[in-house]
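A.B. asks:
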Amino acid sequence: MDTSLWKQYVDSLADILKSHGAQASLSDHPTLTGGAREHAIKEFFLKILPGNAGITTGGRSFDRQGNRSRELDVIIYDKNFPVLQIGANFHVPIEGVVAAFEIKSMLTKGELQDALEKCLSLAKLQKQYRRLNQIGGVTVRDQPPSIDELDKMLPGFYVYGFNGYPADANALLSVLWDWIQTKGVGRLSVPRIVVTPTAIALRKRDDIRYNENKEEGKETILTATLSGAGVNVLVADVLEKILNRFSYVAPDFTFRSMADYFDPNWYLEQYVFPTTADWKNVDVKRMPPGW
Numbered sequence: 025m026d027t028s029l030w031k032q033y034v035d036s037l038a039d040i041l042k043s044h045g046a047q048a049s050l051s052d053h054p055t056l057t058g059g060a061r062e063h064a065i066k067e068f069f070l071k072i073l074p075g076n077a078g079i080t081t082g083g084r085s086f087d088r089q090g091n092r093s094r095e096l097d098v099i100i101y102d103k104n105f106p107v108l109q110i111g112a113n114f115h116v117p118i119e120g121v122v123a124a125f126e127i128k129s130m131l132t133k134g135e136l137q138d139a140l141e142k143c144l145s146l147a148k149l150q151k152q153y154r155r156l157n158q159i160g161g162v163t164v165r166d167q168p169p170s171i172d173e174l175d176k177m178l179p180g181f182y183v184y185g186f187n188g189y190p191a192d193a194n195a196l197l198s199v200l201w202d203w204i205q206t207k208g209v210g211r212l213s214v215p216r217i218v219v220t221p222t223a224i225a226l227r228k229r230d231d232i233r234y235n236e237n238k239e240e241g242k243e244t245i246l247t248a249t250l251s252g253a254g255v256n257v258l259v260a261d262v263l264e265k266i267l268n269r270f271s272y273v274a275p276d277f278t279f280r281s282m283a284d285y286f287d288p289n290w291y292l293e294q295y296v297f298p299t300t301a302d303w304k305n306v307d308v309k310r311m312p313p314g315w
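Each residue of the sequence shown is one higher than the one before, counting from 25 in my numbering.
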């Protein structure tokens, strides 16, 4: 199958995202720059979101117990859920959040740590998810979902820096691992992807496995490398996350989701792996886009 059209589409979206960042940086006022970069991301996704997905900037998420996340730069949400507008801010119930973003003009150590705290504040919210099965025509509640199932259902958190870590992926990884060890969190509490135009950090999930270091006896849940193709993987992953959420399902027939066309693992293997020599501990299960 010819996959060039889908690659070109993702490549073009990545180029647009980079150009939006360059335009946002023209303002030298921190508040204006922050608003410009959030607006740039919002405008970027408005062009590609399905009609049943909404997007807002400067919002928070909340759960049924009244807990709230910290303020998030960008939230993509399911329009089937009610959204509360309080003043200029939007509050989205956690079950309705599809993806959230923290956007940085320059991804420094301090800015990355701030983004990780926001990710954790979202992960701590209490979600109401249950698996339902049909037995003899009767819907029954089954056991709680697995970690891999939760990984697919829960909101995706992404960190994007328009600049940062141009020459050292180890510095990026060090900040991430120090924070993970200090907080004692698992993989569902860290971002799916952290990316700049020159580097990418990727979280372990069901279809991305890391070769474990058995001598240290530690589970690897996140790794990083230098690559100019990380933005492409980010765009593909976000599209996959969004489109998986809005698959069309009938009682006894499931339409294939367009998410198949944006498998981030395919872009990872084809365009990131060949550009780096220090990322040999990652294995992916992937199929060409549209498979």
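All C-beta atoms in this analysis are idealised placements derived from N, C-alpha and C, irrespective of residue type, glycine included.
#1: Can you tell which of V98, G210, D192, I245 has its C-alpha closest to the C-alpha of R227?
#2: Measure how close the beta-carbons of K103 and G78 come, nearest whole angstrom, since I'm counting them as under 8 Å.
#3: For V122, collect the residues of the same chain with a Cβ closer than 8 Å to its Cβ; drop the 5 residues on either side in sequence, then sort them by chain order.
#4: Rounded to a whole number of angstroms, what is the C-alpha to C-alpha distance between Q294 and P288?
#5: Quick one, which of F186, L149, L212, A191 has its alpha-carbon nearest D172's?
#6: Buried or exposed: D97, going by 16 or more other Cβ atoms within 10 Å of its Cβ?
#7: Roughly how far, in whole angstroms, is the beta-carbon of V316 from the beta-carbon of F286, given that I think they are within contact range, below 8 Å?
#8: Based on the DSSP output, what are the partners of V121 in its beta bridges?
#9: Determine the direct distance from the alpha carbon of S198 to that of V316, and round the result to whole angstroms.
#10: According to the neighbour-count rule (16 or more other Cβ atoms, all chains shown, within 10 Å of its Cβ), is L37 buried or exposed?
#11: Would you kindly work out how many angstroms separate the C-alpha atoms of T31 and L263, rounded to a whole number?
#12: Pull up the CB-CB distance for A225 and T247, whole angstroms please, since I reckon it's below 8 Å.
#13: To the nearest whole angstrom, what separates the beta carbons of L258 and A223, a pair I think is in contact under 8 Å?
#14: Only counting the same chain, and skipping five residues up and downstream in sequence, which positions put a Cβ closer than 6 Å to that of N187?
#15: State the DSSP-derived secondary structure class of N187, mapped to helix, strand or coil.
#16: Given this structure, state the Cα-to-Cα distance separating G75 from F68, to the nearest angstrom.
#17: Taking only the alpha-carbon atoms, compute the straight-line gap between D276 and D261 and give it to the nearest angstrom.
#18: Could you give the DSSP three-state label for I245: helix, strand or coil?
#19: Using CA coordinates, which residue listed in Y182, D175, L144 is at the minimum distance from I204?
#20: If I'm right that R84 touches E95 with Cβ under 8 Å, what's the distance once you round it to whole angstroms?
#21: For P190, is the classification buried or exposed, using 16 other Cβ atoms within 10 angstroms of its Cβ as the cut-off for buried?
#22: Pick helix, strand or coil for K228, following the three-state DSSP scheme.
#23: What's the C-alpha gap between I217 and Y184?
#24: According to the neighbour-count rule (16 or more other Cβ atoms, all chains shown, within 10 Å of its Cβ), is L149 buried or exposed?
#25: For I72, name the three-state secondary structure that DSSP assigns.
#26: Output yes or no for whether 8 Å exceeds the beta carbon distance between E62 and I110.
#27: By DSSP, does T206 sit in helix, in strand, or in coil?
#28: Can you tell me the Cα-Cα spacing of N91 and Q47, whole angstroms?
#29: Kindly list the residues whose CB is nearer than 6 Å to the CB of F105, restricted to its own chain and excluding five residues on each side of it in sequence; keep chain order.
#30: Check this for me: beta carbons of G252 and P221, under 8 Å apart or not?
C.D. replies: Considering the structure as presented:
#1: Position 203 of the sequence shown, counted from the start, is the residue given in the question as residue 227. If we check each option's Cα against that of R227, I245 comes out closest.
#2: Along the sequence shown, read from residue 1 onward, the residue named residue 103 stands at position 79. Along the sequence shown, read from residue 1 onward, the residue named residue 78 stands at position 54. Indeed they touch by this definition, with Cβ atoms about 5 Å apart.
#3: Locating residue 122 in the sequence shown gives position 98, counting from the first residue. If we look at V122 and ignore the five residues flanking it on each side, its Cβ neighbours are A77, I100, Y101, D102, P179, G180, K265, I266, R269.
#4: Residue mapping note: residue 294 aligns to position 270 of the sequence shown, counting from 1. Residue mapping note: residue 288 aligns to position 264 of the sequence shown, counting from 1. Each residue's Cα considered, the two are about 10 Å apart.
#5: Locating residue 172 in the sequence shown gives position 148, counting from the first residue. The shortest C-alpha separation from D172 is found at L212.
#6: Walking along the sequence shown from the start, residue 97 turns up at place 73. Looking at its Cβ environment, which holds 16 or more other Cβ atoms inside 10 Å, D97 is buried.
#7: As shown, the chain starts at 25 and ends at 315. That puts residue 316 outside it, with no answer to give.
#8: Counting from 1 along the sequence shown, the entry for residue 121 is found at position 97. Note: V121 sits in a beta bridge opposite Y101.
#9: Since the first residue of the chain shown is 25 and the last is 315, residue 316 is not available in this structure.
#10: Within the sequence shown, numbered from 1, the residue matching residue 37 stands at position 13. With 16 or more Cβ atoms within 10 Å of its Cβ, L37 is classed as buried.
#11: What you label residue 31 is simply residue 7 of the sequence shown in a count that begins at 1. What you label residue 263 is simply residue 239 of the sequence shown in a count that begins at 1. The question names Thr, but residue 31 is Lys in the sequence shown. Roughly 13 Å between the two C-alpha positions.
#12: Position 201 of the sequence shown, counted from the start, is the residue given in the question as residue 225. Position 223 of the sequence shown, counted from the start, is the residue given in the question as residue 247. Contact holds; Cβ gap of about 7 Å.
#13: To locate residue 258, count along the sequence shown from 1; it is residue 234. To locate residue 223, count along the sequence shown from 1; it is residue 199. So it is not a contact: roughly 12 Å between Cβ atoms.
#14: As a position in the sequence shown, residue 187 is number 163, starting the count at 1. Counting only Cβ-Cβ distances below 6 Å, and skipping sequence neighbours, we find M130.
#15: Counting from one through the sequence shown, the residue named residue 187 turns up at place 163. Coil.
#16: On the sequence shown, position 51 is the one that residue 75 refers to. On the sequence shown, position 44 is the one that residue 68 refers to. Their backbone Cα atoms lie some 15 Å apart in a straight line.
#17: On the sequence shown, residue 276 is found 252 positions in, with the first residue counted as 1. On the sequence shown, residue 261 is found 237 positions in, with the first residue counted as 1. Note that D276 has pLDDT 45, beneath the 50 cutoff, so the model's placement of it is unreliable and the number below is only indicative. Approximately 28 Å between the Cα atoms of the pair.
#18: Working through the sequence shown from its first residue, we reach residue 245 at position 221. It is coil, neither helix nor strand.
#19: By one-based count along the sequence shown, residue 204 stands at place 180. Closest by alpha carbon: L144.
#20: Locating residue 84 in the sequence shown gives position 60, where the first residue counts as 1. Locating residue 95 in the sequence shown gives position 71, where the first residue counts as 1. Right, the Cβ-Cβ distance comes to about 6 Å (below 8 Å), so this counts as a contact.
#21: Your numbering for residue 190 matches position 166 in the sequence shown. When all chains shown are included, P190 counts as exposed.
#22: Translated into positions along the sequence shown, residue 228 becomes position 204. In the structure shown, K228 sits in coil (DSSP, three-state: anything other than H, G, I, E or B).
#23: Your numbering for residue 217 matches position 193 in the sequence shown. Your numbering for residue 184 matches position 160 in the sequence shown. Their Cα atoms are separated by approximately 8 Å.
#24: To locate residue 149, count along the sequence shown from 1; it is residue 125. So L149 ends up on the buried side.
#25: Counted from its first residue, the sequence shown places residue 72 at position 48. It is coil, neither helix nor strand.
#26: Counted from its first residue, the sequence shown places residue 62 at position 38. Counted from its first residue, the sequence shown places residue 110 at position 86. No; because the gap between Cβ atoms is not below 8 Å, this pair is not in contact.
#27: Mapped onto the sequence shown, residue 206 falls at position 182. T206: helix per DSSP, three-state reduction.
#28: Your numbering for residue 91 matches position 67 in the sequence shown. Your numbering for residue 47 matches position 23 in the sequence shown. Each residue's alpha carbon lies about 36 Å from the other.
#29: Locating residue 105 in the sequence shown gives position 81, counting from the first residue. So the list reads P117, G120, once near-sequence residues are dropped.
#30: For the purposes of this step, residue 252 is identified with residue 228 of the sequence shown, where counting begins at 1. For the purposes of this step, residue 221 is identified with residue 197 of the sequence shown, where counting begins at 1. Contact: yes.
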